[in-house]
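As structure tokens, the structure follows; a few thoughts come after it.
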Amino acid sequence: MISEWIVSVMTLIMSVTFFVTTFSFPRLAADPGGLSLFPRILCIVAAVFSLIMIAQLLLRNRAGKTSPLASLKTLWRDIWRRGAESDSASQSRRMMLVIVLSILYPWLILRAGFLLATAVYAYILMRLLETRHLPGVLLSICLAAALYLIFVHLLEAYVPTGIWLDLLIN
Amino acid sequence: METLTIAIELLMAPQNLFLMIAAVFGGAMVGAAPGLTSTMAIGLLIPLTFGVSQYTAFILMLGIYCGAMYGGSITAILMNVPGTPTAAITAIEGYRMTLKGQGGLALGVATLSSALGGLLSCLVLISGSLYLAKVAIMFGAPEYFTLALFAVTVVFSLSSRSVVKGIIASVIGLLLGTIGIDPIAQYPRFTFGVQDIMIGIPEVPAVIGLFCVAEAFRMAENTQGVSKMQRQASGLSIAYRYLPRLWKTILKSSAIGCVVGALPATGAMMGSYIAYGEAQRTSKHPEDFGNGSVEGVCASESANNAVTGGALIPLLTLGIPGDPNTLMMLGAMTVHGLIPGPTLFHEQAILVYVIFGTMVLCNLLILPIGLMLAPRIAKVALIDKKYLMPAVSVLAITGASIGYGHIYYFWISVIFGIVGYIFEKGGFSVLAMAMCIILGPLMERYFRSSLMLPDAGPMLFFSRPLSLLFISLSILVIIFGLRREFKMRTLERQLAAARAAKESTNV
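If you're matching them up, the sequences are chains A and B in order.
Oh and the first sequence: position 67 is 94 in my numbering, straight run, nothing missing.
Oh and the second sequence: position 121 is 122 in my numbering, straight run, nothing missing.
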């Protein structure tokens with residue numbers, strides 16, 4: 028329910044923003060379609076169908092099914108509530124933590140380097156999924172080391188080393 | 002002839018043969034593990050193909066593809082746990098056969114049917130794609146644009162329960178495809194002053210984010226492993242005795258699988274479902290269906306493996322993927338600098354022959370791997386998701402992006418993982434969005450090229466016979482999709498009313 032609202036509203040916002048932006052694009056005589064025609068058509072279609080979706084959701088809401096605010100409240104309560112909790116509450120909290128960690132992971136790679144960031148990220152994920160401490164530490168270190176070796180030696184890719192090394196040197 | 006000889010030499014090279022066997026075996030393991038899909042495996046494999054030749058890359062991806070299509074049936078039959086969604090139909094009959102002590106026979110029939118279905122689809126792939134490649138040479142920009150439009154309408158009409166949600170997902174994908182430097186005017190579009198976005202939305206990390214990172218998030222939701230007991234599977238080798246009885250079902254189901262596979266967005270699940278229904282309708286023993294029918298297992302398995310060949314036809318000849326797996330392969334093609342379409346058959350003839358040969362060999366390899374190792378492969382289903390999830394998550398976020406050497410690609414994988422998760426929760430088609438992110442830039446290029454033609458105008462697309470045909474087909478598909486949705490909603494309403502009436506009677 029809440030995800031339907033998020034997608035519909037975001038689509039509407041995106042289509043309006045993109046549509047307005049197209050008016051700043053230059054026009055070329057050799058390109059009759061130009062830079063703006065194709066995205067403008069898409070923006071109109073996106074806006075119309077997101078409005079239809081919002082209308083459908085409002086009608087469903089009026090018919091007595093769960094409202095978006097109620098769903099949002101439940102989700103919010105599930106994320107922060109502690110102690111005796113339902114399966115759905117612990118799932119919601121775990122999901123939210125996994126998403127937040129995944130957002131932080133690329134940032135951590137830049138700061139701490141691939142090897143350390145991956146080991147830390149994998150370890151926290153394993154602990155969140157209720158893996159015991161020692162297997163969690165061992166598996167996350169093995170995973171980070173194995174991927175590092177594959178990326179560096181097999182793919183010959185550049186792997187971020189982080190800024191802590193620079194800080195130590197300087 | 003020379004190109005064919007080179008292709009055979011490449012296929013028979015010990016290193017490539019070894020990789021092919023490993024890929025089919027690995028694919029079968031991936032297919033058997035609930036939560037891991039062939040799409041995810043191919044997606045995670047793409048970065049590992051950066052360092053190898055395009056031939057080896059395709060041998061690996063196609064091996065995984067064919068192996069995984071078959072592997073799902075092993076755990077479906079022995080444990081009632083379909084490793085892949087496509088094996089869900091097989092589980093209906095296969096597990097009942099296992100309960101009756103015929104698990105080995107069910108596995109044997111599934112192995113034979115998968116291999117034969119796959120091999121028949123190879124024949125269709127080879128003949129169909131060579132023919133279609135000749136036809137596609139006649140296509141101009143308006144035909145390509147309307148063909149891509151047709152592919153998009155099929156995706157949004159059939160891949161989602163709601164046509165409105167399908168359209169929203171598709172249009173967002175197409176709009177995201179317009180972000181970045183415009184290739185014709187060299188002007189940045191929708192970058193909002195952010196330097197990194199100038200390069201646009203890179204297809205491979207975005208698609209891997211939508212499918213693989215989102216799948217890792219879903220794994221975190223439910224980490225319960227499979228605790229079902231594995232049953233005995235003896236009598237695998239007696240399956241071939243059933244072949245004379247099953248050949249009609251294999252032929253018919255393979256034909257269905259090929260056609261369904263060639264249509265964008267339909268995939269193996271729909272192929273299995275239609276073939277199963279058709280086998281039940283025409284069976285001499287329809288009463289066996291639902292109670293452990295050999296024909297049911299055979300229909301479902303030959304159809305889902307036949308989808309593999311069918312799905313490759315539009316990918317190779319027109320650059321339009323037939324299912325999520327070929328969508329990933331299209332991403333890999335772009336990474337390797339390959340442009341699918343009729344020109345591929347001239348400029349990369351060796352690769353085309355390698356793809357044909359790999360498909361044939363991989364489907365043949367299913368026989369020994371399935372008949373000898375199926376019960377052992379089934380044990381993969383017992384791996385706990387709490388160990389798999391972190392590995393999948395790390396590999397999905399970093400694997401696709403590490404080759405580019407820029408942190409922006411890592412963010413793209415994570416952001417699209419979140420988008421894919423929310424879309425899936427809301428019932429919006431992730432496949433439609435992913436396909437449109439890849440098809441979007443092509444569609445726009447063909448649209449603008451069409452309008453650059455002399456005397457071009459909005460009526461251009463209706464004045465050319467093939468364009469008009471694709472537009473008419475698109476309209477028909479939308480009507481079909483709306484009708485299907487209306488029927489489904491009516492049925493749901495009737496079921497809800499019946500349930501409410503039953504509850505009130507009980508009270």
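Just so it is clear, CB atoms sit at the ideal spot from N, CA and C, and this is done for glycine as well.
Since this is a predicted model, take the numbers as computed values, not measurements.
* To do: Could you check if GLY178/B is buried or exposed, using at least 16 other CB atoms within 10 Å of its CB as the buried criterion?
  => By the neighbour-count criterion, in which a residue is buried when 16 or more other Cβ atoms sit within 10 angstroms of its Cβ, GLY178/B is buried.
* Buried or exposed: where does GLU302/B fall if 16 or more other Cβ atoms within 10 Å of its Cβ makes it buried? -> Result: buried.
* Buried or exposed: where does MET230/B fall if 16 or more other Cβ atoms within 10 Å of its Cβ makes it buried? -> Annotation note: pLDDT 49 at MET230/B (below 50); position unreliable, no value reported.
* For SER394/B, which option in ALA171/A, GLY189/A, THR188/A has the closest C-alpha, if you only look at C-alpha atoms? -> ALA171/A
* Asked: Does the beta carbon of PHE178/A sit closer than 7 Å to a beta carbon anywhere in chain B?
  -> yes
* **Distance, VAL478/B Cα to LEU5/B Cα** => 39 Å
* Excluding sequence positions up to five away, which residues of its chain have a Cβ less than 6 Å from the Cβ of PHE157/B? -> GLY167, ILE168, SER171, ALA433
* Asked: Applying a beta-carbon distance threshold of less than 8 Å, which residues of chain A neighbour VAL431/B?
  -> By Cβ distance, chain A contributes nothing, its closest Cβ being about 11 Å from VAL431/B, past 8 Å.
* To do: Could you check if VAL336/B is buried or exposed, using at least 16 other CB atoms within 10 Å of its CB as the buried criterion?
  => buried
* Which of helix, strand or coil DSSP assigns to GLY190/B -> Per the sequence shown, the amino acid found at residue 190/B is Arg instead of Gly. Here ARG190/B carries a strand assignment [DSSP, helix/strand/coil].
* Whether GLU258/B touches VAL308/B by CB criterion (7 Å) -> Note on identity: in this sequence residue 258/B is Gly, with Glu being the wrong assignment. Going by C-beta atoms, GLY258/B is nearer than 7 Å to VAL308/B.
* Close beta carbons around SER228/B, own chain, < 6 Å, minus the five adjacent residues each side -> Low per-residue confidence applies at SER228/B: pLDDT is 49, beneath 50, and the placement is therefore not dependable, though the value from the model is reported in the following sentence. Spatial neighbours of SER228/B in its own chain (CB-CB distance under 6 Å, excluding positions within 5 residues in sequence) are not present.
* Got a sec, what are the start and stop residues for the alpha helix (DSSP H) ARG446/B sits in? -> 431-452
* Asked: Relative to the C-alpha of ALA24/B, which residue among ALA8/B, ILE60/B, GLN55/B is closest?
  -> ILE60/B
* Starting from the beta carbon of SER30/A, find every residue of chain B whose beta carbon is closer than 9 Å, and list them in chain order. => TYR422, ILE423, PHE424, GLU425, LYS426, GLY427, GLY428, PHE429
* Separation of VAL155/B from LEU20/B, as counted between CA atoms -> 35 Å
* To do: Examine chain B for any beta-carbon lying closer than 7 Å to the beta-carbon of MET123/A, and answer yes or no.
  => no
* To do: Could you tell me if VAL195/B is buried or exposed, where buried requires 16 or more neighbouring beta carbons within 10 angstroms of its beta carbon?
  => exposed
* Asked: What separation, rounded to the nearest whole angstrom, lies between the Cα atoms of GLU296/B and LEU247/B?
  -> 7 Å
* Since I believe LEU159/B is in contact with ILE356/B (beta carbons under 8 Å), could you give me their beta-carbon distance rounded to a whole number of angstroms? => That belief does not hold up - the Cβ atoms of ILE356/B and LEU159/B are roughly 26 Å apart, past 8 Å.
* Asked: In the segment 383-403 of chain B, which residues sit with their C-beta less than 9 Å from some C-beta in chain A, listed in chain order?
  -> ASP385, LYS386, LYS387, TYR388, MET390, PRO391, ALA392, SER394, VAL395, LEU396, ILE398, THR399, GLY400, SER402, ILE403
* Asked: Between which two residues does the alpha helix (DSSP H) carrying HIS160/A extend?
  -> 160-176
* To do: Evaluate contact between the segment 55-74 of chain A and the segment 178-193 of chain B, counting only Cβ atoms and requiring at least three cross-stretch pairs below 8 Å.
  => yes
* To do: Return the chain-ordered list of same chain residues with a C-beta closer than 7 Å to the C-beta of THR99/B, the five sequence neighbours on each side being excluded.
  => ILE78, LEU79, ALA107, ARG232
* Asked: Whose C-beta lies closer than 7 Å to the C-beta of ARG121/A among residues of the same chain, with five residues either side of it excluded?
  -> LEU155
* To do: For GLY119/B, name the three-state secondary structure that DSSP assigns.
  => helix
* **CA nearest to the CA of LEU152/A, picked from LEU176/A, LEU124/A, VAL75/A, ALA139/A** => LEU124/A
* Asked: So ILE398/B packs on SER119/A, CB below 8 Å; how close in whole Å?
  -> Between SER119/A and ILE398/B the Cβ distance is about 22 Å, and since that is not below 8 Å, they are no contact.
* For TYR277/B, which residues of its own chain have a beta-carbon under 7 Å away from its beta-carbon, when the five flanking residues on both sides are left out? -> ILE90, GLY297, ALA300, SER301
* To do: Return helix, strand or coil for ILE182/B, following the three-state DSSP convention.
  => strand
* Residue of PRO143/B, GLY118/B, PRO466/B, LEU11/B minimising C-alpha distance to GLU445/B -> PRO143/B
* Asked: Excluding the five sequence neighbours on either side, which residues of its own chain have a C-beta within less than 7 Å of the C-beta of PRO66/A, listed in chain order?
  -> PHE45, THR49
* Asked: To which residues of the same chain is THR192/B closer than 6 Å at the C-beta, ignoring the five residues directly before and after it?
  -> ILE198, MET199
* Asked: Can a CB atom of chain B be found closer than 7 Å to the CB of VAL164/A?
  -> no
* To do: Go ahead and label PHE346/B buried or exposed: buried means 16 or more other beta carbons lie within 10 angstroms of its beta carbon, across all protein chains shown.
  => buried
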